[in-house]
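Below is one structure, written out as C-alpha coordinates; the observations come after it.
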Amino acid sequence: MPTPPSTQDAIGLLAKLIAFDTTSAKSNLDLIAFVREYLDEHGIASTLVPDGDGKKACLFATIGEGKGGVGLSGHSDCVPVTGQSWTSDPFTLTTRDGKLYGRGTCDMKGFLACVLASVPLFKSAPLTEPIHILISYDEEVGCVGVRPMIARLGQDLPRPRVVIIGEPSDMQVIDGHKCIDVFRTTVTGKEAHSSMPAIGVNAISAASKLVEEIDRMAAEVASTENDPHFDPPYSTVMVAMVDGGTAPNIVPRNCDVLWQLRGLPGTKAKDAPARLEAFAEKTLLPGMRAVAPDASIDTKTETAVPAFSAGPDSEAVSLAMMLTGANRASGVSYATEAGLFQDAGCPAVVCGPGSIEQAHAADEFVALSQIEACLTFLAKLTERMSA
(Lines of atoms letter the chains of each structure in order from A and count residues from 1; the text may use other names and numbers.)
(Lines give C-alpha, C1' and ligand atoms only; values in the text may rest on other atoms or scores of the structure.)
Protein backbone atom coordinates (compact mmCIF):
# COMPACT_ATOMS: atom_id res chain seq x y z
CA MET A 1 0.00 0.00 0.00
CA PRO A 2 1.13 3.61 -0.58
CA THR A 3 2.39 5.56 2.44
CA PRO A 4 -0.37 7.05 4.64
CA PRO A 5 -0.23 10.79 5.37
CA SER A 6 1.72 12.09 8.34
CA THR A 7 0.03 13.66 11.31
CA GLN A 8 1.76 16.91 10.39
CA ASP A 9 0.04 16.85 7.00
CA ALA A 10 -3.34 16.79 8.73
CA ILE A 11 -2.33 19.46 11.25
CA GLY A 12 -1.18 21.77 8.46
CA LEU A 13 -4.47 21.39 6.64
CA LEU A 14 -6.43 21.83 9.86
CA ALA A 15 -4.62 25.12 10.49
CA LYS A 16 -5.70 26.37 7.08
CA LEU A 17 -9.31 25.22 7.55
CA ILE A 18 -9.54 26.84 10.99
CA ALA A 19 -8.36 30.15 9.55
CA PHE A 20 -11.60 30.42 7.56
CA ASP A 21 -14.36 31.88 9.74
CA THR A 22 -17.21 29.74 8.51
CA THR A 23 -19.67 30.59 11.24
CA SER A 24 -23.06 29.54 9.86
CA ALA A 25 -24.18 33.17 9.41
CA LYS A 26 -21.25 33.74 7.03
CA SER A 27 -20.24 32.40 3.63
CA ASN A 28 -18.18 29.23 3.35
CA LEU A 29 -17.05 29.93 -0.22
CA ASP A 30 -13.45 30.80 0.66
CA LEU A 31 -13.02 27.46 2.43
CA ILE A 32 -14.68 25.60 -0.45
CA ALA A 33 -12.41 27.39 -2.94
CA PHE A 34 -9.38 26.31 -0.90
CA VAL A 35 -10.55 22.69 -0.85
CA ARG A 36 -11.34 22.77 -4.55
CA GLU A 37 -7.89 24.14 -5.40
CA TYR A 38 -6.27 21.51 -3.17
CA LEU A 39 -8.17 18.75 -4.96
CA ASP A 40 -7.30 20.26 -8.34
CA GLU A 41 -3.62 20.09 -7.42
CA HIS A 42 -4.08 16.36 -6.97
CA GLY A 43 -5.93 16.00 -10.26
CA ILE A 44 -9.33 15.51 -8.68
CA ALA A 45 -12.36 17.29 -10.12
CA SER A 46 -15.12 18.49 -7.85
CA THR A 47 -18.71 19.64 -8.22
CA LEU A 48 -20.26 22.50 -6.30
CA VAL A 49 -23.88 22.55 -5.16
CA PRO A 50 -24.56 26.23 -4.38
CA ASP A 51 -27.36 27.63 -2.26
CA GLY A 52 -30.07 29.82 -3.73
CA ASP A 53 -28.20 33.12 -3.54
CA GLY A 54 -24.75 31.76 -4.36
CA LYS A 55 -23.19 32.73 -1.01
CA LYS A 56 -22.57 29.16 0.14
CA ALA A 57 -21.94 25.81 -1.50
CA CYS A 58 -21.54 22.11 -0.89
CA LEU A 59 -18.68 20.25 -2.54
CA PHE A 60 -18.72 16.72 -3.97
CA ALA A 61 -15.62 14.95 -5.29
CA THR A 62 -14.89 11.38 -6.35
CA ILE A 63 -11.59 9.52 -6.27
CA GLY A 64 -11.50 6.28 -8.23
CA GLU A 65 -13.79 4.60 -10.69
CA GLY A 66 -16.96 2.55 -10.57
CA LYS A 67 -20.31 2.60 -8.88
CA GLY A 68 -21.11 2.69 -5.20
CA GLY A 69 -18.14 3.43 -3.02
CA VAL A 70 -17.79 5.04 0.38
CA GLY A 71 -18.73 8.65 1.09
CA LEU A 72 -16.76 10.63 3.66
CA SER A 73 -19.02 13.45 4.75
CA GLY A 74 -18.54 16.52 6.90
CA HIS A 75 -19.88 20.04 7.32
CA SER A 76 -17.82 23.17 6.79
CA ASP A 77 -19.74 25.54 9.07
CA CYS A 78 -19.14 26.13 12.75
CA VAL A 79 -20.91 27.85 15.64
CA PRO A 80 -20.16 31.44 16.73
CA VAL A 81 -17.48 32.42 19.23
CA THR A 82 -19.42 35.53 20.30
CA GLY A 83 -19.58 35.87 24.06
CA GLN A 84 -17.13 33.05 24.71
CA SER A 85 -13.85 33.50 26.62
CA TRP A 86 -11.02 31.98 24.59
CA THR A 87 -7.43 31.81 25.81
CA SER A 88 -6.16 31.88 22.21
CA ASP A 89 -7.38 33.15 18.85
CA PRO A 90 -10.22 30.78 17.85
CA PHE A 91 -9.31 31.11 14.18
CA THR A 92 -5.61 30.36 14.63
CA LEU A 93 -4.68 26.74 15.33
CA THR A 94 -2.89 26.52 18.69
CA THR A 95 -1.21 23.40 20.05
CA ARG A 96 -0.93 22.86 23.80
CA ASP A 97 -0.37 19.65 25.74
CA GLY A 98 -1.27 17.33 22.88
CA LYS A 99 -4.45 19.25 22.01
CA LEU A 100 -5.25 21.29 18.91
CA TYR A 101 -7.30 24.37 19.80
CA GLY A 102 -9.50 26.44 17.50
CA ARG A 103 -13.11 26.89 16.45
CA GLY A 104 -14.13 23.83 14.49
CA THR A 105 -11.12 21.66 15.38
CA CYS A 106 -13.49 19.15 16.92
CA ASP A 107 -16.74 19.95 15.12
CA MET A 108 -15.74 19.09 12.48
CA LYS A 109 -12.78 20.43 10.57
CA GLY A 110 -10.51 17.89 12.24
CA PHE A 111 -12.23 15.16 10.25
CA LEU A 112 -12.11 17.19 7.04
CA ALA A 113 -8.38 17.79 7.54
CA CYS A 114 -7.78 14.06 7.94
CA VAL A 115 -9.78 13.31 4.80
CA LEU A 116 -7.94 15.92 2.75
CA ALA A 117 -4.56 14.78 4.09
CA SER A 118 -5.48 11.26 2.95
CA VAL A 119 -6.28 12.34 -0.62
CA PRO A 120 -2.82 11.41 -1.98
CA LEU A 121 -3.22 7.99 -0.35
CA PHE A 122 -6.68 7.53 -1.85
CA LYS A 123 -5.45 8.61 -5.26
CA SER A 124 -2.40 6.34 -5.40
CA ALA A 125 -4.16 3.25 -4.03
CA PRO A 126 -5.58 0.59 -6.37
CA LEU A 127 -9.17 1.26 -5.31
CA THR A 128 -11.76 -1.29 -6.36
CA GLU A 129 -14.54 1.24 -5.83
CA PRO A 130 -14.52 5.01 -5.39
CA ILE A 131 -14.11 7.16 -2.34
CA HIS A 132 -16.34 10.24 -2.35
CA ILE A 133 -15.75 13.45 -0.42
CA LEU A 134 -18.87 15.40 0.60
CA ILE A 135 -18.64 18.78 2.32
CA SER A 136 -21.82 20.62 3.32
CA TYR A 137 -22.81 23.96 4.86
CA ASP A 138 -25.33 25.09 7.48
CA GLU A 139 -25.36 21.84 9.41
CA GLU A 140 -25.32 23.82 12.63
CA VAL A 141 -28.62 25.55 11.81
CA GLY A 142 -30.72 22.50 10.98
CA CYS A 143 -28.72 20.39 8.51
CA VAL A 144 -29.92 22.74 5.77
CA GLY A 145 -27.13 22.76 3.22
CA VAL A 146 -26.63 19.04 2.71
CA ARG A 147 -30.20 18.47 1.55
CA PRO A 148 -29.82 19.80 -2.03
CA MET A 149 -26.68 17.71 -2.43
CA ILE A 150 -28.38 14.57 -1.14
CA ALA A 151 -31.24 15.20 -3.58
CA ARG A 152 -28.75 14.91 -6.45
CA LEU A 153 -27.24 11.60 -5.35
CA GLY A 154 -28.07 8.97 -7.93
CA GLN A 155 -29.04 11.72 -10.38
CA ASP A 156 -26.12 13.81 -11.64
CA LEU A 157 -23.94 12.91 -8.63
CA PRO A 158 -22.85 9.34 -7.77
CA ARG A 159 -24.71 7.63 -4.94
CA PRO A 160 -22.28 6.19 -2.37
CA ARG A 161 -22.85 2.63 -1.22
CA VAL A 162 -22.37 3.81 2.38
CA VAL A 163 -21.65 7.19 3.99
CA ILE A 164 -19.41 7.83 7.00
CA ILE A 165 -20.24 11.09 8.77
CA GLY A 166 -17.18 12.25 10.68
CA GLU A 167 -18.90 14.06 13.54
CA PRO A 168 -16.97 13.98 16.83
CA SER A 169 -17.53 10.59 18.44
CA ASP A 170 -14.08 9.86 19.93
CA MET A 171 -13.73 7.55 16.91
CA GLN A 172 -16.46 5.37 18.41
CA VAL A 173 -19.07 3.88 16.10
CA ILE A 174 -22.47 5.61 16.35
CA ASP A 175 -25.44 3.77 14.87
CA GLY A 176 -28.27 6.03 16.03
CA HIS A 177 -29.17 9.49 17.24
CA LYS A 178 -32.21 11.48 18.25
CA CYS A 179 -34.16 13.85 16.04
CA ILE A 180 -34.16 17.59 16.62
CA ASP A 181 -37.46 19.37 16.01
CA VAL A 182 -37.52 23.07 16.88
CA PHE A 183 -40.87 24.83 17.19
CA ARG A 184 -41.94 28.44 17.54
CA THR A 185 -45.24 28.97 19.31
CA THR A 186 -46.59 32.51 18.81
CA VAL A 187 -49.17 33.88 21.22
CA THR A 188 -51.21 36.88 20.07
CA GLY A 189 -53.30 38.66 22.70
CA LYS A 190 -54.51 42.23 23.02
CA GLU A 191 -52.68 45.36 24.11
CA ALA A 192 -54.05 47.57 26.86
CA HIS A 193 -52.84 50.11 29.39
CA SER A 194 -51.18 48.28 32.26
CA SER A 195 -53.55 49.98 34.70
CA MET A 196 -56.46 48.16 33.00
CA PRO A 197 -55.14 44.63 32.41
CA ALA A 198 -58.65 43.12 32.39
CA ILE A 199 -59.47 44.75 29.04
CA GLY A 200 -56.39 43.25 27.44
CA VAL A 201 -55.11 39.73 26.87
CA ASN A 202 -51.65 39.17 28.31
CA ALA A 203 -49.71 37.10 25.79
CA ILE A 204 -46.85 36.47 28.21
CA SER A 205 -49.20 35.13 30.86
CA ALA A 206 -50.71 32.74 28.30
CA ALA A 207 -47.24 31.76 27.14
CA SER A 208 -46.23 30.95 30.72
CA LYS A 209 -49.03 28.39 30.87
CA LEU A 210 -47.78 26.91 27.58
CA VAL A 211 -44.31 26.63 29.09
CA GLU A 212 -45.77 24.75 32.05
CA GLU A 213 -47.58 22.39 29.68
CA ILE A 214 -44.38 21.78 27.71
CA ASP A 215 -42.62 20.93 30.98
CA ARG A 216 -45.44 18.53 31.88
CA MET A 217 -45.05 16.80 28.52
CA ALA A 218 -41.31 16.57 29.10
CA ALA A 219 -41.81 14.90 32.48
CA GLU A 220 -44.34 12.46 31.01
CA VAL A 221 -42.01 11.45 28.19
CA ALA A 222 -39.12 10.98 30.60
CA SER A 223 -41.21 8.67 32.76
CA THR A 224 -42.58 6.53 29.91
CA GLU A 225 -39.62 6.06 27.54
CA ASN A 226 -36.52 4.02 28.28
CA ASP A 227 -33.94 3.16 25.65
CA PRO A 228 -30.56 2.56 27.34
CA HIS A 229 -28.84 2.86 23.96
CA PHE A 230 -29.11 6.64 24.47
CA ASP A 231 -28.13 9.06 27.23
CA PRO A 232 -30.52 10.23 28.50
CA PRO A 233 -32.57 7.12 27.62
CA TYR A 234 -35.71 9.06 26.70
CA SER A 235 -36.81 11.89 24.43
CA THR A 236 -36.38 15.39 25.82
CA VAL A 237 -38.75 18.32 25.41
CA MET A 238 -37.40 21.71 26.44
CA VAL A 239 -38.23 25.42 26.30
CA ALA A 240 -35.23 27.31 24.93
CA MET A 241 -36.29 30.97 24.52
CA VAL A 242 -39.21 33.24 25.45
CA ASP A 243 -39.57 36.68 23.87
CA GLY A 244 -42.48 39.05 24.39
CA GLY A 245 -43.80 42.38 25.53
CA THR A 246 -43.26 46.01 24.54
CA ALA A 247 -42.92 48.09 27.70
CA PRO A 248 -43.66 47.78 31.45
CA ASN A 249 -46.82 49.90 31.11
CA ILE A 250 -48.38 47.93 28.23
CA VAL A 251 -50.23 44.63 28.50
CA PRO A 252 -48.15 42.48 26.12
CA ARG A 253 -49.89 41.59 22.89
CA ASN A 254 -47.25 39.18 21.55
CA CYS A 255 -45.02 36.46 22.92
CA ASP A 256 -42.93 33.81 21.16
CA VAL A 257 -41.87 30.56 22.79
CA LEU A 258 -39.05 28.66 21.09
CA TRP A 259 -38.93 25.03 22.17
CA GLN A 260 -37.48 21.77 20.97
CA LEU A 261 -37.90 18.03 20.90
CA ARG A 262 -34.90 15.72 20.83
CA GLY A 263 -36.69 12.48 20.16
CA LEU A 264 -35.64 8.87 20.14
CA PRO A 265 -36.06 7.09 16.81
CA GLY A 266 -39.75 6.20 16.63
CA THR A 267 -40.72 8.30 19.66
CA LYS A 268 -44.39 8.99 20.34
CA ALA A 269 -43.36 12.46 21.53
CA LYS A 270 -43.58 13.60 17.91
CA ASP A 271 -47.19 14.48 18.77
CA ALA A 272 -46.01 17.24 21.15
CA PRO A 273 -47.11 20.16 18.88
CA ALA A 274 -50.57 18.62 18.42
CA ARG A 275 -50.88 18.09 22.17
CA LEU A 276 -49.87 21.68 22.86
CA GLU A 277 -52.42 22.89 20.31
CA ALA A 278 -55.15 20.82 21.97
CA PHE A 279 -54.20 22.25 25.38
CA ALA A 280 -54.36 25.78 24.00
CA GLU A 281 -57.72 25.25 22.32
CA LYS A 282 -59.29 23.77 25.44
CA THR A 283 -57.66 25.69 28.27
CA LEU A 284 -56.37 29.05 27.07
CA LEU A 285 -58.07 30.29 23.92
CA PRO A 286 -61.70 30.35 25.14
CA GLY A 287 -60.85 32.87 27.86
CA MET A 288 -58.53 34.86 25.63
CA ARG A 289 -61.10 35.12 22.83
CA ALA A 290 -63.83 36.18 25.26
CA VAL A 291 -61.86 39.43 25.55
CA ALA A 292 -60.16 39.52 22.14
CA PRO A 293 -61.88 37.45 19.42
CA ASP A 294 -58.73 37.61 17.25
CA ALA A 295 -56.48 36.13 19.93
CA SER A 296 -54.49 33.15 18.70
CA ILE A 297 -51.84 30.58 19.55
CA ASP A 298 -49.97 29.14 16.57
CA THR A 299 -47.09 26.69 16.43
CA LYS A 300 -44.78 26.36 13.44
CA THR A 301 -41.81 24.09 12.84
CA GLU A 302 -38.56 26.04 12.60
CA THR A 303 -36.21 23.09 12.08
CA ALA A 304 -36.67 19.35 11.63
CA VAL A 305 -33.65 17.06 11.59
CA PRO A 306 -34.67 13.39 11.42
CA ALA A 307 -33.58 10.80 13.91
CA PHE A 308 -31.04 8.24 12.76
CA SER A 309 -31.26 4.51 13.27
CA ALA A 310 -28.89 2.41 11.18
CA GLY A 311 -30.59 -0.90 11.88
CA PRO A 312 -29.10 -4.24 12.94
CA ASP A 313 -27.82 -5.24 9.50
CA SER A 314 -26.28 -1.93 8.46
CA GLU A 315 -23.45 -2.28 5.98
CA ALA A 316 -22.12 1.12 7.07
CA VAL A 317 -22.00 0.16 10.75
CA SER A 318 -20.33 -3.17 9.96
CA LEU A 319 -17.67 -1.38 7.94
CA ALA A 320 -16.96 1.17 10.69
CA MET A 321 -16.77 -1.51 13.36
CA MET A 322 -14.32 -3.49 11.28
CA LEU A 323 -12.13 -0.42 10.72
CA THR A 324 -12.13 0.63 14.38
CA GLY A 325 -12.06 -2.84 15.91
CA ALA A 326 -15.13 -1.99 17.97
CA ASN A 327 -17.43 -4.78 19.12
CA ARG A 328 -20.44 -2.57 19.75
CA ALA A 329 -22.03 0.64 18.53
CA SER A 330 -23.60 3.42 20.57
CA GLY A 331 -26.38 5.96 20.27
CA VAL A 332 -26.06 9.69 20.95
CA SER A 333 -28.40 12.55 21.76
CA TYR A 334 -26.88 15.10 19.38
CA ALA A 335 -28.07 15.12 15.77
CA THR A 336 -26.11 14.86 12.52
CA GLU A 337 -26.75 14.62 8.79
CA ALA A 338 -26.78 10.81 9.09
CA GLY A 339 -30.57 10.56 9.28
CA LEU A 340 -30.93 12.51 6.03
CA PHE A 341 -28.51 10.20 4.21
CA GLN A 342 -30.20 7.14 5.70
CA ASP A 343 -33.67 8.35 4.68
CA ALA A 344 -32.36 8.95 1.14
CA GLY A 345 -31.27 5.33 0.81
CA CYS A 346 -27.58 5.73 1.70
CA PRO A 347 -26.71 3.53 4.70
CA ALA A 348 -24.90 5.80 7.16
CA VAL A 349 -22.75 5.65 10.26
CA VAL A 350 -21.21 8.34 12.47
CA CYS A 351 -17.53 8.02 13.37
CA GLY A 352 -15.08 10.89 13.72
CA PRO A 353 -12.30 12.43 15.82
CA GLY A 354 -12.90 14.50 18.91
CA SER A 355 -15.41 14.56 21.74
CA ILE A 356 -18.82 16.21 21.59
CA GLU A 357 -17.98 17.61 25.06
CA GLN A 358 -15.51 20.00 23.41
CA ALA A 359 -17.79 20.97 20.50
CA HIS A 360 -19.32 24.49 20.57
CA ALA A 361 -17.39 25.43 23.71
CA ALA A 362 -14.76 28.09 24.33
CA ASP A 363 -11.26 26.69 23.76
CA GLU A 364 -12.70 23.97 21.54
CA PHE A 365 -10.04 21.35 20.84
CA VAL A 366 -9.38 17.98 19.30
CA ALA A 367 -6.76 15.73 20.84
CA LEU A 368 -3.77 14.95 18.66
CA SER A 369 -4.33 11.27 19.42
CA GLN A 370 -7.80 11.55 17.85
CA ILE A 371 -6.33 12.96 14.62
CA GLU A 372 -3.87 10.06 14.57
CA ALA A 373 -6.69 7.57 15.15
CA CYS A 374 -8.74 9.08 12.32
CA LEU A 375 -5.78 8.90 9.90
CA THR A 376 -5.33 5.24 10.84
CA PHE A 377 -9.05 4.65 10.26
CA LEU A 378 -8.83 6.19 6.78
CA ALA A 379 -5.70 4.22 5.95
CA LYS A 380 -7.49 0.98 6.91
CA LEU A 381 -10.45 2.05 4.79
CA THR A 382 -8.13 2.58 1.82
CA GLU A 383 -6.59 -0.86 2.31
CA ARG A 384 -10.02 -2.43 2.62
CA MET A 385 -11.15 -0.83 -0.64
CA SER A 386 -8.02 -1.70 -2.59
CA ALA A 387 -7.21 -4.71 -4.74
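Count along the sequence shown from 1, then add 861; that gives the number in our numbering.
The beta-carbon is built from N, C-alpha and C at its ideal position, and this holds for glycine as well.
Check, Outcome
"Could you please give the first and the last residue of the uninterrupted alpha helix (DSSP H) stretch that includes residue 1243?", "1229-1245"
"Whose C-beta lies closer than 8 angstroms to the C-beta of residue 1140 among residues of the same chain, with five residues either side of it excluded?", "1071, 1074"
"Do residue 875 and residue 984 count as a contact pair if the criterion is CB distance below 8 angstroms?", "no"
"Does the pairing of the region 1218-1233 with the region 958-965 give three or more beta-carbon distances under 8 angstroms?", "yes"
"Whose C-alpha, out of 939, 1040, 1016, is nearest the C-alpha of residue 1195?", "1040"
"I want to know whether the region 1177-1196 touches the region 1026-1039 - three or more CB-CB distances under 8 angstroms.", "yes"
"Check whether the Cβ atoms of residue 926 and residue 991 sit closer than 8 angstroms, and answer yes or no.", "yes"
"Once DSSP output is grouped into helix, strand and coil, what is the label at residue 1044?", "strand"
"For residue 868 versus residue 1236, is the C-beta spacing smaller than 8 angstroms?", "yes"
"Leaving out the 5 sequence neighbours to the left and right, which residues in its chain are closer than 6 angstroms to residue 1018 when beta-carbon positions are compared?", "921"
"Since residue 1096 is in the alpha helix (DSSP H), which residue starts that stretch and which ends it?", "Unbroken run through residue 1096: none, as it is neither H nor E."
"Determine the direct distance from the alpha carbon of residue 893 to that of residue 974, and round the result to whole angstroms.", "13 angstroms"
"Can you tell me which of the three DSSP states residue 921 falls into?", "strand"
"Would DSSP call residue 1330 helix, strand or coil?", "There is no way to answer for residue 1330, as the model of the chain reaches only from 862 to 1248."
"Could you give the first and the last residue of the continuous beta strand (DSSP E) run that contains residue 957?", "955-957"
"Could you name the residues of the same chain whose beta carbon sits closer than 7 angstroms to that of residue 949, not counting the 5 residues immediately before and after it, in chain order?", "955, 962"
"Would DSSP call residue 1111 helix, strand or coil?", "strand"
"Let me check understanding here. Comparing Cα to Cα, which of 1136, 896, 1207, 952 lies closest to residue 907?", "896"
"Take residue 1002 as the anchor and find which of 1221, 1240, 1246, 1234 has the nearest alpha-carbon.", "1221"
"Would you mind stating whether residue 1165 and residue 1112 have Cβ atoms separated by less than 8 angstroms?", "no"
"Check whether the region 1167-1182 and the region 1059-1069 are in contact - that is, three or more C-beta pairs closer than 8 angstroms.", "no"
"In chain order, which beta strand (DSSP E) runs of at least 3 residues are fully inside the region 884-953?", "907-911, 918-924, 931-936"
"Enumerate in chain order the residues of its own chain whose CB-to-CB distance from residue 1089 is below 8 angstroms, with the five nearest sequence positions on each side excluded.", "none"
"Compare the C-alpha of residue 1004 against each of 1151, 1238, 1209, 1201 and name the closest.", "1201"
"Taking C-alpha atoms, which residue in 952, 900, 917 lies nearest to residue 936?", "917"
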